[in-house]
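The sequence shown begins at 24 in this note's numbering and counts up by one.
Glycine included, every Cβ here is placed at the ideal spot set by N, Cα and C.
So the structure is just underneath, and the comments pick up after that.
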Amino acid sequence: MLGNYQAAVADYGRAIDRDPADSYALYNRGLAYGRMGEHRKAIEDFSASLELRPGNADGYLERGLARMTVGGMPAAIKDFTRLHALDPDNVWALANRGIGRAWIEDTAGAKADFDWVEARDPHNPVLLRGRALMAEKAGDPDGAIAFLTKALEVDPEDEWSLRRRADLYWDQGQEDLARADDDVINAIAY
């Protein structure tokens, strides 16, 4: 594949034409669509793959992430819950489910998920983003910035954390800090 996702989509499409029951080709084409930003097509392929291979834990993770991207939080939460049932030790299942729950303002559910993840992986970047989101929704921008800063210590090129932190800095009138984050985002993008 080597980063040429359009070619990958075409290649996997040919494989699917030859064998429509190839759950692996459907899953991999879904990954390629996701990398191209075509999340609805990715969801379709992940769903078709999961119909053929319902025990594919990675399929639930990827479909859940794609659903979160297009705003389908309740469906994403179901995917992360199914992933957790298939793989109870998978911290990504509950870290992402916690974010979904935070978005729909299920604070107690999000907190329970984040507490579970924190006990196993306290530096998990998704956990830190989720804690930031909860702080932001609770009206604590300084707390949100602190969690986003911790997430950026784990992954300095985490565009989501950079964007959220820059927006919070802009809201607080901290223009130099906001511009610095915007500059990093632009450097990553180009």
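Beta-carbon proximity list for residue i, same chain, < 7 Å, skipping 5 on both sides
i	result
Gly57	Ala65, Glu85 and Ala89
Tyr35	Ala48, Asn51, Arg52 and Ala55
Asp178	Pro148
Ala98	Arg90
Glu182	Ile208 and Ile211
Proximal residues to residue i (C-beta, below 6 Å), its chain only, five neighbours per side dropped
i	result
Leu185	Asp204, Val207 and Ile208
Glu180	Ile211
Leu25	Unreliable positioning characterises Leu25 in this predicted model, as indicated by a pLDDT of 46, which lies under 50. A coordinate reading is not provided.
Trp193	Ala201
Phe69	Gly53, Gly82, Glu85 and Arg86
Gly166	Ala158
Ala46	One point to set straight first is that residue 46 is Ser, not Ala, in the sequence displayed. These residues qualify, in order along the chain: Ser72, Leu75 and Arg76.
CB contact flag (residue i, residue j, <8 Å)
i	j	result
Leu117	Trp139	yes
Ala174	Pro145	no
Leu73	Gly82	yes
Asn113	Ala80	yes
Thr172	Arg188	yes
His62	Val32	no
Ala44	Leu75	yes
Pro164	Gln195	yes
Whole-number beta carbon distance between residue j and residue i, since they are thought to touch under 8 Å
i	j	result
Lys8	Ala125	What the structure shows of the chain is the stretch from 24 to 213, and residue 8 is not part of that stretch, so it cannot be assessed.
Asp110	Arg120	With a Cβ gap of about 13 Å, Asp110 and Arg120 do not count as contacting.
Neighbourhood of residue i by C-beta, 8 Å cutoff - its chain only, sequence neighbours within 5 removed
i	result
Ile122	Met91, Ala133, Val149, Arg152, Gly153 and Leu156
Asn27	none
Gly78	Leu109
Residue i beta carbon near the ligand ADP (any heavy atom closer than 7 Å)
i	result
Lys173	Of the ligands one can find in the structure shown there are none, so the ligand ADP has no counterpart to examine.
- Message: Please give the ranges of any alpha helix (DSSP H) in the stretch 86-133, keeping only runs that are unbroken, at least 4 residues long and fully inside the region.
- Response: Taking only runs of at least 4 residues, the alpha helix (DSSP H) segments lying wholly in the stretch 86-133 are 96-109 and 114-126.
- Those runs of the alpha helix (DSSP H) which lie wholly inside the stretch 61-87 and span at least 4 residues: List check, alpha helix (DSSP H) in window: 62-75.
- Task: Scan the stretch 149-197 and note each continuous beta strand (DSSP E) run of 3 residues or more that stays entirely inside, going in chain order.
- Result: none
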